[in-house]
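Residue numbers (my numbering): 46 to 151. Here's the structure we're looking at; comments come further down.
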């Protein structure tokens with residue numbers, strides 16, 4: 046009942062509640078990207094997950110695209126695809142002195 050009420054309230058404000066179990070967090074749009082013959086994106090399926098549950102379902106919480114099965118995404122604890130991680134790293138520009146390889150970490 047509580048999830049139904051929150052879902053109705055969020056939808057009235059143009060927002061969605063997370064589809065994961067009993068989660069009541071505000072969700073972001075997650076999608077499977079399919080490219081047509083002319084390489085334009087077409088969105089076939091939409092899912093709604095909060096940033097906490099995106100990674101569990103295989104979606105990047107930065108862009109909302111499905112990345113499960115990609116080694117760089119699956120083993121990245123941050124839950125970001127390589128594109129979003131690179132963008133985030135370039136904005137933060139923080140250097141971790143503990144890293145032996147000189148990589149930039151968020």
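Note that the Cβ used here is the ideal one computed from N, Cα and C, for glycine as well. These numbers come from a predicted model, not from an experiment.
What does the Cβ neighbour count give for residue i, buried or exposed, with the cut at 16 atoms within 10 Å?
i	result
residue 50	exposed
residue 111	buried
residue 60	exposed
residue 54	exposed
residue 124	buried
residue 72	buried
residue 130	buried
Hey, quick one: how far does the alpha helix (DSSP H) through residue i stretch, first residue to last?
i	result
residue 116	116-119
Taking the alpha carbon of residue i as the point to measure from, which residue in the options has its own alpha carbon closest?
i	options	result
residue 126	116, 99, 105, 114	105
residue 95	113, 114, 75	75
residue 132	107, 99, 117	107
residue 92	113, 115, 65, 114	65
residue 109	67, 99, 116, 117	99
residue 68	58, 120, 97	97
Using DSSP bridges, identify the partner residues of residue i.
i	result
residue 113	Bridge partners of residue 113: none, in fact.
residue 104	111
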